[in-house]
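*Asks:*
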Amino acid sequence: MIQLTTPITEAAARQLRVGDEVFLSGIVFTGRDAVHKYLHDGGALPPEVSFQGGAIYHCGPVVIKDASGEWKVVAAGPTTSTREEPYQWQIIRDHGVRGVIGKGGMGPRTQKACQEYGCVYLHAVGGAAQVLAECVKKVRNVYFLEKFGSPEAIWELEVENFPVVVTIDAHGRSLHEEVFNASSQALAARVSAGAH
Amino acid sequence: MHSLLDSLIEIIRRTSAEIPDDVHRAILGSLENEKKGTIAESALKIIDRNIDLAKRKSQPLCQDTGSVLFYIDCPVGLDQVAFEETAREAVKQATKKGYLRQNSVDSLTGKNDGTNCGPGAPNLHFHQHHSADLNVRLMLKGGGCENVGAQYSLPEEALGANRDLAGCRRVILDAVLQAQGKGCGPGILGVCIGGDRASGYAFSKTQFLRRLDDINPVAELAALEQEIIKTANDLGIGPMGFGGNTTLLGCKIGAANRVPASYFVSVSYMCWAFRRQGAKIDPQSGAVTSWLY
Numbered sequence: 300m301i302q303l304t305t306p307i308t309e310a311a312a313r314q315l316r317v318g319d320e321v322f323l324s325g326i327v328f329t330g331r332d333a334v335h336k337y338l339h340d341g342g343a344l345p346p347e348v349s350f351q352g353g354a355i356y357h358c359g360p361v362v363i364k365d366a367s368g369e370w371k372v373v374a375a376g377p378t379t380s381t382r383e384e385p386y387q388w389q390i391i392r393d394h395g396v397r398g399v400i401g402k403g404g405m406g407p408r409t410q411k412a413c414q415e416y417g418c419v420y421l422h423a424v425g426g427a428a429q430v431l432a433e434c435v436k437k438v439r440n441v442y443f444l445e446k447f448g449s450p451e452a453i454w455e456l457e458v459e460n461f462p463v464v465v466t467i468d469a470h471g472r473s474l475h476e477e478v479f480n481a482s483s484q485a486l487a488a489r490v491s492a493g494a495h
Numbered sequence: 005m006h007s008l009l010d011s012l013i014e015i016i017r018r019t020s021a022e023i024p025d026d027v028h029r030a031i032l033g034s035l036e037n038e039k040k041g042t043i044a045e046s047a048l049k050i051i052d053r054n055i056d057l058a059k060r061k062s063q064p065l066c067q068d069t070g071s072v073l074f075y076i077d078c079p080v081g082l083d084q085v086a087f088e089e090t091a092r093e094a095v096k097q098a099t100k101k102g103y104l105r106q107n108s109v110d111s112l113t114g115k116n117d118g119t120n121c122g123p124g125a126p127n128l129h130f131h132q133h134h135s136a137d138l139n140v141r142l143m144l145k146g147g148g149c150e151n152v153g154a155q156y157s158l159p160e161e162a163l164g165a166n167r168d169l170a171g172c173r174r175v176i177l178d179a180v181l182q183a184q185g186k187g188c189g190p191g192i193l194g195v196c197i198g199g200d201r202a203s204g205y206a207f208s209k210t211q212f213l214r215r216l217d218d219i220n221p222v223a224e225l226a227a228l229e230q231e232i233i234k235t236a237n238d239l240g241i242g243p244m245g246f247g248g249n250t251t252l253l254g255c256k257i258g259a260a261n262r263v264p265a266s267y268f269v270s271v272s273y274m275c276w277a278f279r280r281q282g283a284k285i286d287p288q289s290g291a292v293t294s295w296l297y
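Top line first, the protein sequences correspond to chains A and B. Heads up: the first sequence at position 178 corresponds to 477 in our numbering, and the numbers run straight through without jumps. Heads up: the second sequence at position 195 corresponds to 199 in our numbering, and the numbers run straight through without jumps.
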């Protein structure tokens, strides 16, 4: 298990390889469909938010206010990343993102941006909302809550030992591409074998 | 109706936080089946830990608490309007309690009013029967797995799928291939052969109300279900699409009549976080008398 802490340096991102299991600690910002489209359309981040050396998490958490008025994350698993494929490369390029956390992998433009700018795709276990919520130690802030609604807002989260797997690295490899190609070939063989 | 309200909130809580036993057993089986020390095994261990944590903390298994789908088998004469009003109130209260995420968005304005209620939400399917029983089943179906559902119109030339069971097999396996990684596998398929475009998808979802360990009474479909599971698990897609031995935990197939011109195969995909519970409710008091899964 590799320990990775934000801010992530370019060198640290480039050291990671497909298949590495990583514990991420530090700050992550959630950002999903609305945020990606907004940034792509030329929207500005709030002045307090910087993605430089940071990790963006494709996640719409369940967050409630506890009795003392503090935000508390009660469920926080990843959402499907591929919906951000049209926008992600640009956000990696323009905002200095070093880690994109999500599930299901991303396509060739993100893969290329990871290689070009020194970023990795960190796959969290989809659906594991409780295990991942336990790794969120604190909600530091929330932005665009009114504008986008709770699941789509930018939540600034302090995380500790957040478990992820590198599935796209900065060396041009993608586990998703490899498994898709291998399974497509395996299926082709089995479909023709079962042909009538 | 106060007690029915309480019962419905409890059904929502259980559905959101507690994985059904039949699904849990299938997941534990797949964990044993996975090669030790692989990322596939790590993923399944996290999934297993997540199942325990959610139940213990009474919190959502997955943050995407999904489309709220009620399936109600009711005696003739049940006041469906009153039931629906109570169900909407239960959804609102369950959302406040954090059993459900604020998960329902106005499709035109993008506004999320935080109640999970609006046109088509929650979704209720009533089915009257001549028994005095009131059975309420609930499914919470997340968007990730819903997005990878697929509907094929046979013949599908690109896949070499004709209008027969071999053709059905081809398109169903194609759906598994295309869903990889994105639908939070290992997954479960609900399939409808036949129907029209709308009823086919609706019927495919009702297949998820079946227990994973049941046996299809139609012999050809029972055989096809087993064959699909076996072949899918031989493809090496694995949990989360990481590569590995378990791609599907189950496959449930039903058939509906079609018109001669149409031959649809509708495939719904359910993630491992299979949220489905149900209860028998006393129609008079509204209290839960027994649990269905």
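Backbone N, C-alpha and C fix where the C-beta goes; we use that ideal spot for every residue, glycine too. From a predicted model like this one, the values you see are computed outputs, not experimental measurements.
Output yes if chain B places a C-beta closer than 8 Å to the C-beta of residue 421(A); else output no.
*Replies:* no
*Asks:* Return the residue from the list 489(A), 482(A) and 468(A) that minimises the CA-CA distance to residue 319(A).
*Replies:* 468(A)
*Asks:* Residue 433(A) versus chain C: which residues are under 8 Å apart at the beta carbon?
*Replies:* The chain labelled as chain C is not found among the protein chains of the depicted structure, namely A and B.
*Asks:* For the structure I just gave you, are there three or more beta carbon pairs, one from the segment 309-316 of chain A and one from the segment 452-472 of chain A, closer than 8 Å?
*Replies:* Result yes; three or more Cβ-Cβ pairs closer than 8 Å.
*Asks:* I want to verify the contact list: residues of chain A whose CB lies under 9 Å from the CB of residue 268(B), in sequence order.
*Replies:* Chain A residues near residue 268(B): none, gap ~20 Å exceeds 9 Å.
*Asks:* Can you list the beta strand (DSSP E) stretches of 3 or more residues lying completely in the segment 440-487 of chain A, in chain order?
*Replies:* 453-467
*Asks:* Would you check if there are 3 or more beta carbon pairs closer than 8 Å linking the segment 5-14 of chain B to the segment 207-217 of chain B?
*Replies:* With the cut-off at 8 Å, the segment 5-14 of chain B and the segment 207-217 of chain B do not touch.
*Asks:* To be precise: take each residue of the segment 110-126 of chain B, compare its Cβ to all Cβ atoms of chain A, and keep it if any distance is under 8 Å. Which residues remain?
*Replies:* Answer set for the segment 110-126 of chain B: 114, 115, 116 and 118.
*Asks:* Assuming residue 189(B) and residue 274(B) make a contact with CB atoms under 8 Å, what is their CB distance in whole Å?
*Replies:* Residue 189(B) to residue 274(B), Cβ: 10 Å. No contact.
*Asks:* What is the rounded straight-line gap between the Cα of residue 78(B) and the Cα of residue 144(B)?
*Replies:* 20 Å
*Asks:* Shortest alpha-carbon distance to residue 405(A) belongs to which of 329(A), 387(A) and 454(A)?
*Replies:* 387(A)
*Asks:* Just to confirm before moving on: does the CB-CB distance between residue 105(B) and residue 334(A) stay below 8 Å?
*Replies:* Contact: no.
*Asks:* Do residue 181(B) and residue 491(A) have their beta-carbon atoms positioned less than 8 Å apart in this structure?
*Replies:* Not closer than 8 Å, so no.
*Asks:* Going straight from the alpha carbon of residue 230(B) to that of residue 255(B), what length do you get?
*Replies:* 7 Å
*Asks:* Kindly confirm or deny that the segment 44-54 of chain B and the segment 82-91 of chain B touch, where touching means at least three C-beta pairs closer than 8 Å.
*Replies:* Taking a cut-off of 8 Å for Cβ pairs, the segment 44-54 of chain B and the segment 82-91 of chain B do not touch, as fewer than three such pairs fall below it.
*Asks:* If you follow the beta strand (DSSP E) that residue 78(B) is part of, which residue opens it and which one closes it?
*Replies:* 71-79 is the extent of the beta strand (DSSP E) around residue 78(B).
*Asks:* Report the three-state DSSP secondary structure of residue 274(B) (helix, strand or coil).
*Replies:* strand
*Asks:* Residue 297(B) by DSSP, collapsed to three states: which one?
*Replies:* coil
*Asks:* With 16 as the cutoff for other CB atoms within 10 Å, does residue 219(B) come out buried or exposed?
*Replies:* exposed
*Asks:* Note down, in chain order, each residue of its chain lying with its Cβ closer than 8 Å to the Cβ of residue 365(A), except the 5 sequence neighbours on either side.
*Replies:* 371
*Asks:* Could you list the residues in the segment 448-474 of chain A with a C-beta less than 9 Å from some C-beta on chain B, going in chain order?
*Replies:* So the close ones are 448, 449, 450, 451, 462, 464, 466 and 474.
*Asks:* How about residue 255(A): is its C-beta nearer than 8 Å to some C-beta of chain B?
*Replies:* Residue 255(A) lies beyond the range of chain A shown here (300 to 495); nothing can be said about it.
*Asks:* Does residue 84(B) come out as helix, strand or coil in the three-state DSSP assignment?
*Replies:* Shown here, residue 84(B) sits in a helix according to DSSP, grouped into three states.
*Asks:* Does DSSP put residue 61(B) in a helix, a strand or coil?
*Replies:* helix
*Asks:* For residue 418(A) versus residue 397(A), is the C-beta spacing smaller than 8 Å?
*Replies:* yes
*Asks:* For residue 422(A), which residues does DSSP report across the bridge?
*Replies:* 401(A) and 464(A)
*Asks:* So which residues on chain A does residue 186(B) lean against when the C-beta distance must stay under 7 Å?
*Replies:* 379, 381 and 403
*Asks:* Whose C-alpha, out of 451(A), 403(A), 470(A) and 363(A), is nearest the C-alpha of residue 184(B)?
*Replies:* 403(A)
*Asks:* Mark residue 280(B) as exposed unless 16 or more other C-beta atoms lie within 10 angstroms of its C-beta, in which case mark it buried.
*Replies:* buried
*Asks:* By the 10 Å Cβ neighbour count, where 16 or more other Cβ atoms means buried, how is residue 295(B) classified, buried or exposed?
*Replies:* exposed
*Asks:* With distances taken between CB atoms, is the gap from residue 176(B) to residue 233(B) smaller than 8 Å?
*Replies:* For residue 176(B) and residue 233(B), no; Cβs fall outside 8 Å.
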